[in-house]
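In UniProt numbering, the protein residues as written are 1 to 125. C-beta atoms are modelled at their ideal positions from N, C-alpha and C, and glycine is treated no differently. None of the values given here were measured: they were computed from a predicted structure.
Next comes the structure, spelled out in structure tokens:
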């Protein structure tokens with residue numbers, strides 16, 4: 001089971017994250033998410049445990065527990081495939097443009113059509 005761990009202290013290392021979960025069972029992997037600009041932890045990560053029962057026991061025990069003065073959030077991670085498109089709408093190319101020519105009112109941009117009052121609608125799905 002893949003487990004999301006949030007609100008982690010920024011100084012926490014991957015070894016520390018692994019050590020939090022090891023008392024509950026075998027930890028397949030422990031990964032902190034690092035900001036590529038600063039090289040520092042973003043304060044959340046993921047732990048993979050082979051045994052689902054052990055993983056659930058870890059979630060139940062560690063959620064809202066305190067680590068280095070911070071109350072951490074621990075839950076089953078959502079499957080990337082079922083999470084849908086989390087990046088949001090809008091075309092990428094020339095996003096803020098005036099939308100000259102064809103499809104002027106649609107907010108312009110390559111693959112646009114989500115501008116104006118049609119924000120987040122299901123029109124293009």
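Leaving out five residues before and five after residue 48 in sequence, what residues of the same chain have Cβ atoms less than 6 Å from its Cβ?
2, 28 and 29
Identify the continuous alpha helix (DSSP H) that holds residue 22 and give its terminal residues.
Run containing residue 22: none; DSSP gives neither H nor E here.
Given residue 11, which residues of its chain have a CB within under 8 Å of its CB, disregarding the five upstream and five downstream residues?
Excluding sequence neighbours, residue 11 sits near 41 and 68.
Using the Cα positions of residue 50 and residue 24, report the straight-line distance between them to the nearest angstrom.
11 Å
Can you give me the Cβ contacts of residue 52 inside the same chain, cut-off strictly under 6 Å, excluding the 5 residues immediately before and after it?
Excluding positions up to five away in sequence, the list reads 1.
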